[in-house]
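There are 4 protein chains.
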Amino acid sequence: MVDSTTPIDWLVDEHPQEECGVLGIYAPKEDVARMAFFGLYALQHRGQEAAGIAVADGRGIHMHKDSGLVSQVFSPERIASLKGDFALGHVRYSTTGSSALSNAQPFLIETQYGPIAVAHNGNLVNAAELRAGMLRNGMGFSSSSDSEVITMMLAGAPGANWFERIKNAMQRWQGAYSLVVLTRDQLFAVRDPWGIRPLTVGMLPTGGHAVASESGALRSLGCQAIREVRPGEVIMLTNTALSVAQALPPAAQTALCTFEHIYFSRPDSFWDGRSVHQVRQRLGQQLAEEAPAVADVVVPVPDSSIPAAIGYAARSGIPYNDGFIKNRYIGRTFIEPTDSLRKMGVMLKYNVIFENVLDRRVVLIDDSIVRGNTTGPLVRLLREAGAREVHLRITCPPIRHPCFMGVDMGTYDELMAHRHTLEEIRQISGADSLAYLSLKGMKKAIGREEGYCDACFTGVYPFEVNAHTAKTGFEQPAGEQA
Amino acid sequence: MVDSTTPIDWLVDEHPQEECGVLGIYAPKEDVARMAFFGLYALQHRGQEAAGIAVADGRGIHMHKDSGLVSQVFSPERIASLKGDFALGHVRYSTTGSSALSNAQPFLIETQYGPIAVAHNGNLVNAAELRAGMLRNGMGFSSSSDSEVITMMLAGAPGANWFERIKNAMQRWQGAYSLVVLTRDQLFAVRDPWGIRPLTVGMLPTGGHAVASESGALRSLGCQAIREVRPGEVIMLTNTALSVAQALPPAAQTALCTFEHIYFSRPDSFWDGRSVHQVRQRLGQQLAEEAPAVADVVVPVPDSSIPAAIGYAARSGIPYNDGFIKNRYIGRTFIEPTDSLRKMGVMLKYNVIFENVLDRRVVLIDDSIVRGNTTGPLVRLLREAGAREVHLRITCPPIRHPCFMGVDMGTYDELMAHRHTLEEIRQISGADSLAYLSLKGMKKAIGREEGYCDACFTGVYPFEVNAHTAKTGFEQPAGEQA
Amino acid sequence: MVDSTTPIDWLVDEHPQEECGVLGIYAPKEDVARMAFFGLYALQHRGQEAAGIAVADGRGIHMHKDSGLVSQVFSPERIASLKGDFALGHVRYSTTGSSALSNAQPFLIETQYGPIAVAHNGNLVNAAELRAGMLRNGMGFSSSSDSEVITMMLAGAPGANWFERIKNAMQRWQGAYSLVVLTRDQLFAVRDPWGIRPLTVGMLPTGGHAVASESGALRSLGCQAIREVRPGEVIMLTNTALSVAQALPPAAQTALCTFEHIYFSRPDSFWDGRSVHQVRQRLGQQLAEEAPAVADVVVPVPDSSIPAAIGYAARSGIPYNDGFIKNRYIGRTFIEPTDSLRKMGVMLKYNVIFENVLDRRVVLIDDSIVRGNTTGPLVRLLREAGAREVHLRITCPPIRHPCFMGVDMGTYDELMAHRHTLEEIRQISGADSLAYLSLKGMKKAIGREEGYCDACFTGVYPFEVNAHTAKTGFEQPAGEQA
Amino acid sequence: MVDSTTPIDWLVDEHPQEECGVLGIYAPKEDVARMAFFGLYALQHRGQEAAGIAVADGRGIHMHKDSGLVSQVFSPERIASLKGDFALGHVRYSTTGSSALSNAQPFLIETQYGPIAVAHNGNLVNAAELRAGMLRNGMGFSSSSDSEVITMMLAGAPGANWFERIKNAMQRWQGAYSLVVLTRDQLFAVRDPWGIRPLTVGMLPTGGHAVASESGALRSLGCQAIREVRPGEVIMLTNTALSVAQALPPAAQTALCTFEHIYFSRPDSFWDGRSVHQVRQRLGQQLAEEAPAVADVVVPVPDSSIPAAIGYAARSGIPYNDGFIKNRYIGRTFIEPTDSLRKMGVMLKYNVIFENVLDRRVVLIDDSIVRGNTTGPLVRLLREAGAREVHLRITCPPIRHPCFMGVDMGTYDELMAHRHTLEEIRQISGADSLAYLSLKGMKKAIGREEGYCDACFTGVYPFEVNAHTAKTGFEQPAGEQA
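So the protein lines, in turn, are chains C, W, F and E.
For the first sequence, position 233 matches number 233 in my numbering, and the numbering has no gaps at all.
Count along the second sequence from 1, then add 1000; that gives the number in my numbering.
Count along the third sequence from 1, then add 2000; that gives the number in my numbering.
Count along the fourth sequence from 1, then add 3000; that gives the number in my numbering.
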């Protein structure tokens, strides 16, 4: 049931929720806040709940953050008031902690070494233990976010300079963290040794450097010489060169998030040196080989499944076509249909294109099934539009395990493939046939056997995880600010 | 130059701007304002500047309208405050008149016969004359919209009842008008005798009827038995049946807007009984026949050109693929790039997918070229990404004449194909080859020789047009409300 | 009962509500919108519901208006966007018509002679007839305000220039109207022949002139040579001089509103050439003579009764002191006490100063009793604080008749002194004694026997009034915009 | 010069700025958030910059705070969302720290013992040292407020329960603190051993108790049995009784703020068991004796000097009258006069009542002169209105020393009486004569020789103060959130 105070995001679907996009810019003499605005705009798909920008001018840090889309949070006056040489940006979709404003990022605090601001993408699996220890030491927390734990640990970490303090704090962090850290005159990019979440750096055309969760955002800023921050690296962005240090050795086995390929990243981004759009096409091709269907048309669930559907169609020889129109007009609203309207079949997000599926045998390509709320209604829409058969094909293996590294897959109880057999899922979805891509096939399509995290498919986590404390980080915050 | 008080809509491109979507609902006992909200949401692509809903409860009319997206203009409290059996809705993109709030619709006035509210899609070509006459008679106007002229004329039209008054007013209107008219206890759908802009009615599943600019919106509301309002018809929506009258005879030659097929309508809508998505596919197929290319990949300008690109690819045998990613996160902002950022190549709306075009010969499908601002940059993006050749294919003929029937094509001076030869356009765009679909081919793809308005291609208007007064209706308003 | 959508204005009390303050400025080369902002700020006591400013620059008129206090409606950006040589301003408290935004002023319309904007203070008693006639002629109205009737009549009035059109329209207006009229290059001040509501003009120190409802606002702008606009006058403000014309002869018997002295005007304003503060002191002195009391302290109901209490104390020799503290923090809120909180005696607006009344015999001075909601609670507060006796003294005669000239006194049924005898009112109020100032005494204090309207005391209206149509002007609007 | 991003509060004058009002309510079964709203409304004069309410329901704490007046910060929906048995409220005017939202109160943090929220009025003179120590221990601060230091120290204080932890933290605090502390199921009132700032408790008529900065707010809530929290006391509010403990012994010499009598408190409040209104009258009487004048009228600077002017008039026999009208319409605005408008003499806050001072010898009573920005213009207004003589009388001694206990008197350099002799001040003000009340006379009027802090007059602080660190608590925050 939807709480009356929860906005309904028409475009939030049953996909796993990515929590964040991060961004950093060092571009002396440029309008860094404006650049950060455009960079965050290119990362908006990674989080629509809140946005924030902090800038440093050598003497201090100024910040603005609020709930809403980047374009809603920032006015020209706000951007103009944020002057400096360094910028830090963040877009957020809540995972741990409540979605309250107090969890919005960046986190900005005053420390004994001056102010620092932190933008974080990921999730520490030992955040609850770390936080409990700090509470026992008499500290107070103003939010329930593990990113505040990270920020507070940086304030108290030993070390002669910020690089050393970051390095020392990293020793104690277990889990996923792609960070951008801003001091009054330095900007750092930090990635965990497992390389779980993406982070890339590039050179700005007019001098200076930028760091962002995805290469697509760096390209939007005109960056060249883009490369990933390597697992365990700390990079200080300077005007002329990157100052790179391997703060922690990379994990023996890295654990890059497979789901960046399956769903999260923009198709024009690179992940692990691979074009996301091309990986998705290969996932479709591989699926066509593993799970062919006798059909008349291949139809994607827009927009995420389009590349895979193109690949499936190309490999199978079955024509590709649109089957659904997705309403593009994003906007959070608190208005929801009444029961009566629901019964009338009010369709808000997807409309079917009748003529493209009428009397056809349809292959429906979806990138994944997580909680399973969307698939059934889409199959039903196709049937009501006159599709003769619907063959559901999923571009990854069944998701049977939660993620503790920053992706909100839901709990075991919520995962469709944990609760049900494939045949049950087929029946629930109403499809004539259902097939998932095999783990092996997925890896083949990605083009690499090792180095990725497959925990949501296999339950094999890259490190030990205490499922009781890791998921939400710690118990629900008793103090909460609206 | 962009005025500092003008919001920048990142998704407004050089397409012609449709001015409006209209909606009416008669559903006693249902929450008609909520239904109107969802219906407008499905019409949002027809206007993002302002939205409004008026409801009637048998005794009076209550209205709320404001600038912004439907989801921004209406809160649950607003919807809850609008109670009644009838609803009228409107989404607007400005054509005539300024974009000020005072031009937002519906227009609601008190008349000698009680209140009426009007939602209008179209443009009267004789609005300036009509308005001048009313001004001479001592009337005042609070906006510069021809829709206010329409509303005021209804207030003063002779006739024993609203149907007669509407019918009498129609005698004097020259141009495009698809109207929904709400009184305190009646709801009318009205379409001009030329049938220029679309208007459809359908039966609601729980009783009552609805009228909307597009069938796609009626489908979103669960409507069945959808049919178009015929040219010259006035339909009164009732609970049990439609009360239909042919107020004016249909024009000897109807003038349905071709551009609804080319660009405006949702792909899942029908226009003139034809599936818009399928017409667009056929435009692509026809284009493949008329203007083949030796190439490796067919790439659409998303989203409007996707169906045509699918058709071009299917007919030509050249594989279809995505070439661009379009940023989905709509949001008006007043923040624009600095010159320095522009030089850096900040890309806000489209990013190219390098790997899909690198070292390939690309067919780029675009639905139309109006002012020509978008095409060149897109071709350049492809080249910079390593495309070997770019063959630009346009799914309609060159647009050489302005529209005076409610579509903002710009003036003669702004129209690329009015100012330049095809070879010049090719050079400006930077493409290796350029071809437009022929008028004959376009008609063939649509499937009908006659009955459409081709004025923007041919200069042959469906009726006499005074180009000096018709375009903006009348001179710029000297009084303006922000 | 308070509707849940009605804001509660903590400082709205049972006083009659004045509907408006008007303002006009002609000051070439000055920032007229900013001046209008400050002028309206000084008129804010005359209306807190909505505010608006229109400016003219010789070519057109630009306007902004909205609900709220002047300081809430106008931001620096808004003020900066309103450029011109002429400004028109309005603050509003609703009388006729609903309080909806559509009734906010100024009214701005396009006419055959260009745009005009009108700000109106007063009420036409024949508005309903005039409006009905215009409706019959086929006009539509977008609000229920008689000010829109005035504006529309100006649009249609015969005459070779605006002065003539104003003059001609005035022939047909019956009732109270102090107007400021702005065209694209002219500014007029207009006052009805009865001189019912105030209107004053003055010379700005840097050149140009200003007009305002009260001299206090002109003084705030630094004006000199302030004089009243005479009954029936139309004055055109120019840069160097006032262009004055007697459009209509003054009424044989003028009807200046007595209540401007009693309650409405700022104490530092002049009304009818008399200092309002001094008139109020004399009202108190006269009351001390007519209705002496044996008491220890004279206490005013703040703030309006302070001058009269000073006068009463001075004449009677009984010491003056504060008895109540009034919460200054105005702000509209929708939050109201629960019944439980009401029973707890939550005091929002007035707190008593115990020590000043404890064990004393108190003379409580109030300027008037209209509906009688405030007096009783205040007397009770005094008693609970330990006052031995409370002698209530009112600085005007009993109000037994409604006002139809722009002051919301309520209907006959609502007027305390219409429904009850003096002794009943005393008992209801809980006072030990009660006395009103006599009509004769009031006139003596004002200093003039004739020329004022005493209708609310005597029922003798300055002209014939149709009580059925005059009060709200016409029946409740069936169409209403929120 | 006023920064363009600083709102101009028309009613902020040169008075010292009080930083806060605090409030706590324990009233099971009542709507405590609503009660807190009304209580804060009655404390609004103590801070107009920000407001906040936190409620506890036995399990957790929920809070809302924002910039603005109480009526602006809280909507009915907000109030309705704050459910519980305990409420904590705060209104703020900034002293230390910037005025940014991050300094708004209450402060709410999660501690090892659960959430706590703190509302603070006062200033710790050793906050900078305490904060520096905590920073050295690795803590981070998200604001520059000493109230955050207090809150964080409570989180880390030793002790088996909250009472003990509060008591232990108090040992280390030097300075002024009247606190209300809320846990998930307890509510405490805490006052420093010097009793510098006020704090009172009372019994609610329907059961439960309330605590507030001033008795006037408790009276507004209907409280009875009101008494002050004694210096050094910690009181736990319960349903049936107060649980009182003397956590620290009262200071040998208490240091009650004299300025609560002179200016801060509502006139209907009690301070140190004395009626504030009556103390102010006696200040005026004493002043009449010490500094008589031959004059025709006694005029107050409204509103704060009214009681003293009444007292001066009564004792001297010179008639009391209003000399100025103060604009009541509070509202923050960013709009300020241009230089040209300033030269025109635009008066925003005070207008003189000409007739009351014309050709008179005026005694002008002002409560204090701090920076001296207001007095001169007011004297000039009187002269321009025709006053023959102006005799300025101040109801307290010259202020020559800054306050470090929570009142923003400005720095030494800003204090008029620190920089100038009395004769200079008289000349600057333009008065014919000037007299301050003597220290001895002030104490006589208050009615008590010892126990008050006179530091701003004498420079004798109640404890040692490090003027370099105490004023703003610590150096300007380098990190700041807008």
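Just so it is clear, CB atoms sit at the ideal spot from N, CA and C, and this is done for glycine as well.
Computed from a predicted structure; not experimentally measured.
Nearest to His3391 (chain E) by alpha-carbon distance, out of E:Gly3195, E:Gln3427 and E:Val3370, is E:Gln3427. A straight line joining the alpha-carbon of Leu437 (chain C) with that of Ala417 (chain C) spans about 14 Å.
Val2379 (chain F) has its alpha-carbon roughly 26 Å from the corresponding atom of Arg2266 (chain F). For Val460 (chain C), the closest alpha carbon among the candidates C:Phe404, C:Arg371 and C:Leu182 is that of C:Phe404. When 8 Å is used as the limit between beta carbons, Ile3079 (chain E) is near these residues of chain F: Ile2335, in chain order. Within its own chain, the residues whose Cβ lies closer than 8 Å to the Cβ of Pro3319 (chain E), once the five positions on either side in sequence are excluded, are Asp3296, Val3297, Val3298 and Ala3313, listed in chain order.
Counting only runs of 4 or more residues that sit fully inside the stretch 1009–1065 of chain W, the alpha helix (DSSP H) segments are 1032–1043, in chain order. Its chain contains Pro3231, Gly3232, Leu3248, Pro3250 and Ala3251 as the residues whose beta carbon lies nearer than 6 Å to that of Pro3193 (chain E), once the 5 sequence neighbours on both sides are disregarded; these appear in chain order. The beta carbons of Val149 (chain C) and Leu130 (chain C) sit about 5 Å from each other, so the pair counts as a contact at 8 Å. Within the stretch 2109–2120 of chain F, those residues whose Cβ lies closer than 8 Å to any Cβ of chain W are, in chain order, Ile2109, Glu2110, Thr2111, Gln2112, Gly2114, Pro2115, Ile2116 and Ala2117. Taking the CA atoms as reference points, Met1152 (chain W) sits about 24 Å from Trp2162 (chain F). Per the coordinates, the alpha-carbon of Tyr2041 (chain F) lies some 20 Å from the alpha-carbon of Thr2206 (chain F).
Taking the beta carbon of Phe141 (chain C) as reference, the chain E residues within 7 Å of it are Ile3109 and Glu3110, listed in sequence order. Nearest CB-CB separation between Ala314 (chain C) and chain W: below the 8 Å threshold.
At least one beta carbon of chain W lies nearer than 8 Å to the beta carbon of Ala2155 (chain F). Within chain W, no residue has its beta carbon less than 7 Å from that of Gly2441 (chain F); the closest one is some 46 Å off. Taking 8 Å as the upper bound for CB-CB distance, Thr1200 (chain W) and Ile1226 (chain W) are in contact here, some 6 Å apart. A Cβ of chain C is located within less than 8 Å of the beta carbon of Thr3151 (chain E). Beta-bridge partners of His1090 (chain W) (DSSP): W:Val1022 and W:Gly1052.
Ranked by how close their Cα comes to the Cα of Glu336 (chain C), the residues C:Arg328, C:Phe324 and C:Lys349 have C:Lys349 in first place. When DSSP states are grouped into helix, strand and coil, Met236 (chain C) belongs to the strand group. Counting only Cβ-Cβ distances below 7 Å, Arg1400 (chain W) has no contacts in chain C at all, with the closest Cβ about 30 Å away. Boundaries of the alpha helix (DSSP H) harbouring Gln3072 (chain E): Val3070 to Val3073, taken from the DSSP string. Shown here, Lys3349 (chain E) sits in coil according to DSSP, grouped into three states, outside any helix or strand. Taking 8 Å as the CB threshold, Ile3318 (chain E) stays off the interface with chain F. By the Cβ rule, the stretch 3349–3363 of chain E does not count as touching the stretch 3252–3266 of chain E, because fewer than three pairs are nearer than 8 Å. Per DSSP, reduced to three states, the secondary structure at Ala3241 (chain E) is coil, with no helix or strand assignment. Counting only runs that start and end inside the stretch 171–235 of chain C, the alpha helix (DSSP H) elements of at least 4 residues fall at 215–220.
Annotated as distal: Gly58 (chain C) and Asp146 (chain C), with beta-carbon spacing of 8 Å or more. Close CB contacts of Pro28 (chain C) within its chain, under the 7 Å cut and outside five residues either way in sequence, are with Asp85, Gly208 and Asn239 (chain order). The shortest C-alpha to C-alpha distance from Ala157 (chain C) to any of E:Gly3138, E:Gly3441 and E:Phe3457 is the one to E:Gly3138.
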